[in-house]
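S.K.: Can you read through this structure? Questions will come right after.
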Amino acid sequence: MSTAAENTSIGPSVTEILISDGAYRFDWPLDPAGATALLSKIRAVRRFDESLFLEEEVFDLDPQYRGVNPRPGRNLLERFDEDLAFVEQDRGMVSALTEVLGPDYVITDRKIVCGVPSRSIPNWLKARIEGAPVNNLGPYVKPEYRDVTYFYGIDFHQDIIDFKDQEADFVTVYVYLHPVARSDAPLFLLEGSHVLGATTFPHMLSRKDGQAWLYSSPDGQSVEVRQTVLTGQAGFAALWHPFTLHGTQPDTADHERISLRYLISRRSHSAGGLTAVNAAIRGPLLLETTRMDLAADGSAQIKSNLVRTADG
Ligand SMILES: O=C(O)CCC(=O)C(=O)O
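Counting in the numbering used here, the sequence shown runs from 50 upward without gaps.
Here you go:
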């Protein structure tokens with residue numbers, strides 16, 4: 050994935066990179082000291098171990114598959130407002146967001162995302178989630194800890210998945226708070242996958258050679274897309290379009306992976322470089338049905354996971 054140089058006119062702009070790749074990786078980390086300071090504060094108030102989880106019998110008494118993510122008033126990041134300047138006021142970040150979304154962009158969501166390591170997940174739970182495409186562990190976490198989103202991997206998806214009937218008027222910003230290597234559940238991202246527009250999850254993907262995948266849409270279009278694995282240092286940051294396919298494999302390290310995930314929107318439908326990015330998309334700009342993997346109660350009804358088959 051390409052990067053753009055901060056405040057220079059050399060090289061492609063963030064908008065041009067989003068038009069071609071669907072994602073933009075910041076060339077340098079956000080302030081690593083800021084990332085590390087926030088991480089210590091998070092770790093001081095939360096253990097990312099087996100104590101997060103309900104007992105199996107308790108879960109089975111009243112399974113709750115919906116409403117288990119952070120929300121206003123139940124979001125651990127709300128305690129750390131003042132520690133977020135290293136992201137929200139970073140000069141390169143502000144410049145990229147202003148270019149893509151216009152100067153009056155608005156943060157519509159921000160939260161901590163944890164890749165839970167295998168050793169922290171109780172055996173009963175591992176057996177249940179094996180092979181599922183979306184292992185958001187919120188349903189199995191004690192209610193008081195649902196102020197963070199916990200993953201044990203998630204298959205390739207678009208972030209528009211949570212927004213049916215909504216246009217692509219936002220970007221996702223994702224920040225690592227510590228170094229993330231291959232075993233720390235780094236993001237796998239399919240560059241160029243945004244061009245086919247919004248498509249329903251699970252997506253039509255088949256592995257080609259090496260890092261190449263063939264991605265097809267229900268309207269009969271196909272595109273070869275390049276897989277990139279986003280490993281990086283503390284303060285690593287990337288942003289992507291809501292149609293860009295990405296996912297994670299389970300965390301196989303002996304420690305959790307902690308990231309920040311922002312959704313940032315434009316206020317006006319025509320603001321910023323996003324207009325040009327969306328104009329270059331060759332498929333639907335919104336969907337009535339964004340996913341077909343869930344039963345009526347919100348539990349998984351399919352078992353398949355492509356990102357787990359990826360090398361990289
Ligand atoms: O952090 C992860 O493991 C996955 C995050 C992700 O893909 C998302 O929140 O859309």
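Even glycine gets a Cβ: it sits at the ideal position worked out from N, Cα and C.
1. For aspartate 208, verify whether its CB is less than 7 angstroms away from any heavy atom of ligand 1.
2. Classify threonine 60: buried if its beta carbon has 16 or more other beta carbons within 10 angstroms, exposed otherwise.
3. Here's the rule I'm using: 16 or more other beta-carbon atoms within 10 Å means buried, otherwise exposed. How should lysine 90 be labelled?
4. Counting pairs of Cβ atoms below 8 angstroms between the stretch 264-277 and the stretch 299-308, do you hit three or more?
5. For leucine 236 versus leucine 186, is the C-beta distance shorter than 8 angstroms?
6. Would serine 167 pass as a contact of aspartate 300 if the rule is Cβ separation under 8 angstroms?
7. Determine the burial state of histidine 318: buried for a count of at least 16 other Cβ atoms within 10 Å of its Cβ, exposed for fewer.
8. Output yes or no for whether 8 angstroms exceeds the beta carbon distance between phenylalanine 75 and alanine 287.
9. What is the rounded straight-line gap between the Cα of arginine 140 and the Cα of lysine 175?
10. Pull up the DSSP beta-bridge partners for threonine 198, would you.
11. Mind checking who leucine 343 pairs with in its DSSP beta bridge?
12. Out of Gln138, Ser144, Ser271 and Tyr189, state which residue places its alpha-carbon closest to the alpha-carbon of leucine 110.
13. With distances taken Cα to Cα, identify the nearest neighbour of valine 197 among Pro291, Pro81, Met142 and Glu127.
14. For aspartate 258, count neighbouring Cβ atoms within 10 angstroms of its own Cβ and tell me buried if that reaches 16, exposed if not.
M.R.: By the coordinates alone:
1. yes
2. Note on identity: in this sequence residue 60 is glycine, with threonine being the wrong assignment. Answer is exposed; the Cβ neighbour count stays below 16.
3. exposed
4. no
5. no
6. yes
7. exposed
8. yes
9. 42 angstroms
10. Val162
11. Ala349
12. Tyr189
13. Glu127
14. exposed
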